[in-house]
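Student: Residue numbers (UniProt numbering): 1 to 619.
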């Protein structure tokens, strides 16, 4: 008999004892039970495990936590045996079905006889996510009769496997021209429009780098498409703001914005004549040096001489290798006992906050160009699936209050990260049959950290709270849900992941009051102007600096990772600055008693409400 409460679809593979603990490895997590405390860690959250001091396990997690288990084995041989078991357990899966999300979904369907009703209620996202493309076109007021059109050239992903099937382009751009552009852009990721400013008609578009190479290749159709985006904005200008004053709700934040990035866009005036296209801003996330160096590998950047009425700006954002190194330094600093005398200097040496600062500045640059000057913006980096979604998604949050709601944020993640092919499988380290660790990088976590910085600076303008973001960090890596599996929409569709796994938005739904920000003031149309300087940024303590020791069972504390406790308490009455907590495995000892039947509870306490609703409906 398994001496602890198991999860839905969970099967225990190894069970044993150390001198002072019961240890179990299932197909989902590592579980260690001490006399008065418990530790649970999803296997996919673990990046590496090693033996320290001959008799202790030392686990490094993908979300920055380093856990030193005070679990002493009686012999070195016993410690090595458990080390080998854990190493095998956290190895990359041989096939997607080996991930726990599939077993968990199978259990969810098994609860209810009517599988379709159960799947819709518990597993699927809402209609705002499922029909996001059509609803966003209507919400942002695109003129699909005269100015813009939805191209079906990527049906069945025949043009680009990492792009969505429906692409928004100017109405006069033909599919033949799009094919020619695809041959000139890295990975065939052509410039497409993803956002429109309702008040002035300026748009944000995204793509990958042009393949200039050392030969200085040009593509007439690519140049035509880029300039056509600016012309289309002039033909579909939107409702202008009288007097040319941007409608940002408040000027307080703009004074705090970095002056150098505000003043860089003053070359063009506001939209004065709908028939005159504004100068399009091409924002290259890389440094100029990096962009030129990419020409040696067949890439490069746009030349202003060949793209009339365009301005190219380089942001100098670091690549995934620098971000990965910075994150590893941050993890090392946060896992040590803090020394007040050099804590700030050690934090500065990681460069993590510096990287966040540059990302925020890039987003502010895009936001200012669109909102204040009515200029269209085209954003790209090298491949267009790492730094590009960071900038675009962050700029959309600054510009549009809809994306600061729970539903809007879900649409934002699905549209700009999942639909446009951010490689979650590679970046999070759970893609099958991939051994190259250099592809792993916390790109999405870094972006969530930037959103957390905005939440700190504008606490009344977000519908969701910090717990919402922290839970999203956890489930990005846990593989309990299928939302972040795979590297592209084509891959997720090929493996039918949408129908075979649960969506994380079923947990982080708008109706879940646990994730509501009690300070939220709906109805504000304010455009955000955050302070981007490093001194204004904060270490995300809820993610990087939680208590790394196991919690006593008697305290009202949450285990660092997804405790399978059956409690489903509301978070009201608790300090807003703390994460929502639940007790961890109070019934563990009684579960060891053969006279006590085992109970099945949700792997995340917040999901129990879902399960209860389903059972009540059946009764």
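For each residue, glycine too, the CB sits at the ideal point set by N, CA and C.
Determine the contact status of residue 363 and residue 391, defining contact as a CB-CB distance below 7 Å.
Tutor: In contact: residue 363 and residue 391 (Cβ atoms closer than 7 Å).
Student: Quick one: Cα of residue 330 to Cα of residue 381, how far?
Tutor: When rounded, the distance between both Cα atoms is 25 Å.
Student: Going by DSSP in three states, residue 579 sits in which element: helix, strand or coil?
Tutor: Unreliable positioning characterises residue 579 in this predicted model, as indicated by a pLDDT of 38, which lies under 50. The coordinate reading is nonetheless provided below. Looking at residue 579 - three-state DSSP - the assignment turns out to be coil, as it is neither helix nor strand.
Student: Which term fits residue 563, buried or exposed, when burial requires 16 or more other beta carbons within 10 angstroms of its beta carbon?
Tutor: The predicted position of residue 563 is uncertain, since its pLDDT is 30 and thus under 50; no value can be drawn from it.
Student: Does the beta-carbon distance from residue 473 to residue 543 come in below 7 Å?
Tutor: Contact flag set, yes.
Student: Please name the residue or residues paired with residue 148 in a DSSP beta bridge.
Tutor: 170, per the DSSP bridge assignment.
Student: Indicate whether the contact test is met: 3 or more Cβ pairs, each with one atom in the stretch 490–501 and one in the stretch 383–403, closer than 8 Å.
Tutor: The stretch 490–501, when compared against the stretch 383–403, does not touch it at the 8 Å Cβ threshold.
Student: Beta-carbon separation of residue 404 and residue 353 under 7 Å?
Tutor: No, Cβ-Cβ distance for residue 404 and residue 353 is not below 7 Å.
Student: Taking the alpha helix (DSSP H) that residue 390 falls in, what are its first and last residues?
Tutor: Where residue 390 is concerned, the enclosing alpha helix (DSSP H) stretches over 387–399.
Student: Among 360, 515, 367 and 144, which residue has its Cα nearest to the Cα of residue 531?
Tutor: Ranking the options by Cα distance to residue 531, first place goes to 360.
Student: Could you tell me the distance, in whole angstroms, from the CA atom of residue 182 to the CA atom of residue 218?
Tutor: Spanning the two alpha carbons is a distance of roughly 13 Å.
Student: Exposed or buried, residue 13, counting other C-beta atoms within 10 Å across all chains shown (16 or more means buried)?
Tutor: It counts as exposed.
Student: Check this for me: beta carbons of residue 506 and residue 123, under 7 Å apart or not?
Tutor: It is a contact, given that the beta carbons lie within the stated cut-off.
Student: For residue 573, collect the residues of the same chain with a Cβ closer than 8 Å to its Cβ; drop the 5 residues on either side in sequence, then sort them by chain order.
Tutor: Below a pLDDT of 50, predicted positions are generally treated as unreliable, and residue 573, at 33, falls in that range; no measurement from the model is reported.
Student: Can you look up residue 50 in the DSSP assignment and give me helix, strand or coil?
Tutor: Looking at residue 50 - three-state DSSP - the assignment turns out to be strand.
Student: Identify the residues that DSSP records as bridge partners of residue 380: which are they?
Tutor: Looking at the DSSP assignment, residue 380 forms a beta bridge with 284.
Student: Rounded to whole angstroms, what is the Cα-Cα separation between residue 27 and residue 73?
Tutor: Roughly 23 Å between the two C-alpha positions.
Student: Since residue 205 sits in a beta bridge, which residues does DSSP pair it with?
Tutor: Per DSSP, 193 and 378.
Student: Please list, in chain order, all residues of the same chain as residue 166 whose beta carbon is under 6 Å from its beta carbon, the five residues on each side excluded.
Tutor: Around residue 166: 133 and 150.
Student: Under the assumption that residue 186 contacts residue 383 (Cβ atoms under 8 Å), give the Cβ distance between them as a whole number of angstroms.
Tutor: Their Cβ separation, rounded to whole angstroms, is 6 Å, which keeps residue 186 and residue 383 in contact under 8 Å.
Student: Tell me whether residue 152 is buried or exposed, calling it buried when 16 or more other Cβ atoms sit within 10 Å of its Cβ.
Tutor: With fewer than 16 other Cβ atoms within 10 Å, it is exposed.
Student: Helix, strand or coil for residue 42? Go by DSSP, reduced to three states.
Tutor: Reduced to three states, the DSSP call for residue 42 is strand.
Student: Which residues share a DSSP beta bridge with residue 310?
Tutor: For residue 310, which the question treats as bridged, DSSP gives the partners 280.
Student: Of all the options 78, 332 and 512, which has the alpha carbon lying nearest to the alpha carbon of residue 56?
Tutor: It is 78.
Student: Name the one or two DSSP bridge partners that residue 11 has.
Tutor: Answer is none; residue 11 lacks a bridge partner.
Student: Roughly how many angstroms lie between the CA atoms of residue 628 and residue 10, to the nearest whole one?
Tutor: Residue 628 lies beyond the range of the chain shown here (1 to 619); nothing can be said about it.
Student: Given this structure, state the Cα-to-Cα distance separating residue 510 from residue 312, to the nearest angstrom.
Tutor: If I take the Cα positions, the gap works out to 39 Å.
Student: Distance check for residue 41 and residue 407, CA to CA, integer angstroms please.
Tutor: Distance between the alpha carbons of residue 407 and residue 41: 29 Å.
Student: What are the boundary residues of the alpha helix (DSSP H) that residue 83 is part of?
Tutor: Residue 83 -> alpha helix (DSSP H) spans 76–89.
Student: Report yes or no: do three or more beta-carbon pairs, one from the stretch 413–425 and one from the stretch 155–172, lie closer than 8 Å?
Tutor: Because the criterion of three Cβ pairs below 8 Å is met, the stretch 413–425 and the stretch 155–172 touch.
Student: Could you compute how far the alpha carbon of residue 467 sits from the alpha carbon of residue 333?
Tutor: For residue 467 and residue 333, the distance between alpha carbons rounds to 23 Å.
Student: Identify, in the order they occur along the chain, each residue of the same chain with its Cβ nearer than 6 Å to the Cβ of residue 141, setting aside the five sequence neighbours on each side.
Tutor: Hits under 6 Å: 198.
Student: In angstroms with no decimal places, state the Cα-to-Cα distance between residue 293 and residue 316.
Tutor: Each residue's Cα considered, the two are about 13 Å apart.
Student: Within this structure, are the beta carbons of residue 225 and residue 377 separated by less than 7 Å?
Tutor: Going by C-beta atoms, residue 225 is not nearer than 7 Å to residue 377.
Student: Grab the span of the beta strand (DSSP E) containing residue 61 for me, first residue to last.
Tutor: Counting along the chain, the beta strand (DSSP E) containing residue 61 begins and ends at 56–61.
Student: From the DSSP output, in three-state form, read off residue 24 for me.
Tutor: Note: residue 24 maps to strand in three-state DSSP.
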